[in-house]
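Heads up: the sequence shown runs through residues 97 to 385, numbered per my numbering. Yeah, the Cβ is synthetic: ideal placement off N, Cα and C, and Gly gets one too. From a predicted model like this one, the values you see are computed outputs, not experimental measurements.
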Amino acid sequence: MTEHQAPGPVHHQGGPIDTEDRALERFLKFGPPKFYGGPEPEVAEGWWERISDIFAALNYTEERQVTFAAFQFEGAARSWWNLIKVNWDRNHIPRTWTNFTREFNAKFLPPLIQEKREDDFIKCRQGAVSVAEYEIQFTKLSRFAPELVATEQRRVRRFVQGLNVEIQEGLAAVRIDTFADAVERAQRVEVARVQVKSFQAKKRFGPSSSWEPTYVNAPPAKVGRGTGGVNSPGAPLHLIAYGSQKTVTISEEDYVKFLQYQAINHASLPSASLAQKGFEDKEDDWWRA
Numbered sequence: 097m098t099e100h101q102a103p104g105p106v107h108h109q110g111g112p113i114d115t116e117d118r119a120l121e122r123f124l125k126f127g128p129p130k131f132y133g134g135p136e137p138e139v140a141e142g143w144w145e146r147i148s149d150i151f152a153a154l155n156y157t158e159e160r161q162v163t164f165a166a167f168q169f170e171g172a173a174r175s176w177w178n179l180i181k182v183n184w185d186r187n188h189i190p191r192t193w194t195n196f197t198r199e200f201n202a203k204f205l206p207p208l209i210q211e212k213r214e215d216d217f218i219k220c221r222q223g224a225v226s227v228a229e230y231e232i233q234f235t236k237l238s239r240f241a242p243e244l245v246a247t248e249q250r251r252v253r254r255f256v257q258g259l260n261v262e263i264q265e266g267l268a269a270v271r272i273d274t275f276a277d278a279v280e281r282a283q284r285v286e287v288a289r290v291q292v293k294s295f296q297a298k299k300r301f302g303p304s305s306s307w308e309p310t311y312v313n314a315p316p317a318k319v320g321r322g323t324g325g326v327n328s329p330g331a332p333l334h335l336i337a338y339g340s341q342k343t344v345t346i347s348e349e350d351y352v353k354f355l356q357y358q359a360i361n362h363a364s365l366p367s368a369s370l371a372q373k374g375f376e377d378k379e380d381d382w383w384r385a
């Protein structure tokens with residue numbers, strides 16, 4: 097078939113040089129379903145999603161993705177694709193996954209369903225789900241509005257705009273260049289917020305890890321009848337810097353800020369040398385900004 101008559105060496109990320117036949121063999125090992133066309137939009141959507149999942153694992157070029165996806169067409173779908181190929185060749189339309197998806201949607205998804213999916217994408221927000229779950233839904237629906245994510249910058253901007261406000265705030269001062277970077281950093285902010293909530297709920301930490309606060313010299317201030325052992329709001333936390341026995345003191349508010357900074361920037365607790373210089377010195381408070 098003409099879709100795979102151009103063998104040649106292509107470097108596959110993380111693997112040996114792939115010929116076209118070898119690449120096709122690897123694709124077929126995933127058991128990609130055939131697609132015959134037909135009026136059932138659910139079948140078309142299911143096929144496209146399965147093929148997309150396979151390509152996400154293979155990391156092939158877009159042209160190769162289009163070629164191998166079309167390899168799975170049979171019957172009416174094959175006849176339709178042959179016409180599309182002629183049109184693309186005549187008009188020099190590049191074989192990108194975006195162009196393939198647009199043609200596929202136009203043929204096999206009724207306009208009413210396409211409009212509904214596009215509207216779902218425009219309204220897509222994180223809400224009560226995790227960042228990972230939001231990213232899956234965002235990516236799934238984005239194919240119905242390709243013009244809204246036509247560039248990496250647009251894709252990143254729309255993804256960030258759909259995140260919960262508190263996570264957006266955590267990304268405000270961070271430079272994000274790629275969609276993958278946006279997802280990773282959003283997840284780090286999410287983790288930081290979980291740590292902050294845990295910290296605020298407990299109010300007291302034991303020395304269970306190198307970054308948790310350890311009370312030393314004197315017990316923390318208490319409120320109430322003296323039996324609950326609850327910190328006074330805003331009471332200072334006494335910390336032992338990692339790798340040192342030097343005691344440093346920060347406020348609860350600053351500790352919360354540090355947790356957020358740590359998650360986003362891969363920071364560790366202050367080292368012994370930093371503690372010796374004076375953790376409370378404003379010049380050393382690189383995480384408070």
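DSSP, reduced to helix, strand and coil, places Phe169 within a strand of the structure shown. Three or more beta-carbon pairs separated by less than 8 Å are not found between the segment 259-275 and the segment 202-212, which leaves the two stretches without contact. Pairing Thr194 with Pro242 gives a Cβ-Cβ distance under 8 Å.
For the pair Trp176 and Gly133, the CB atoms are nearer than the 8 Å cut-off. The three-state reading of DSSP puts Phe131 in strand, counting E and B together. Collapsing the DSSP output to three states places Val256 in a helix. Between the alpha carbons of Arg191 and Asp216 lies a gap of roughly 27 Å. Apart from the 5 residues on each side of it in sequence, Arg254 sits with its Cβ closer than 7 Å to the Cβ of Leu244, Val245 in its chain, given in chain order. The beta carbon of Phe151 sits closer than 7 Å to those of Gln161, all from its chain and outside the five residues before and after it, given in chain order.
Below 8 Å, too few C-beta pairs join the segment 178-189 and the segment 215-234 to call them touching: fewer than three. Residue state for Ser294 is assigned as helix, using DSSP reduced to three classes.
The C-alpha of Ala224 is placed about 44 Å away from the C-alpha of Asn178. One thing to note: Ile232 has its Cβ no nearer than 8 Å to the Cβ of Val252. From the listed residues Val256, Thr197, Arg174, Glu136, the smallest Cα separation to Lys236 is found for Thr197.
DSSP, read as helix, strand or coil, puts Tyr230 in helix. A straight line joining the alpha-carbon of Asp117 with that of Glu286 spans about 43 Å. By the CB criterion at 8 Å, Leu267 and Val279 fall outside the cutoff. Contact check for Ala282 against Val227 passes: the beta carbons are separated by less than 8 Å.
Counting only the Cα atoms, Arg146 lies some 10 Å from Gly127.
Here DSSP, grouped into helix, strand and coil, assigns Asp149 to helix. In the three-state scheme derived from DSSP, where H, G and I count as helix and E and B as strand, Ala140 is classed as helix. For Gly223, there is no enclosing alpha helix (DSSP H), as DSSP gives it neither H nor E. For Phe204, the enclosing alpha helix (DSSP H) begins and ends at 193-204. Only buried fits Ser238, as 16 or more other CB atoms lie within 10 angstroms of its CB.
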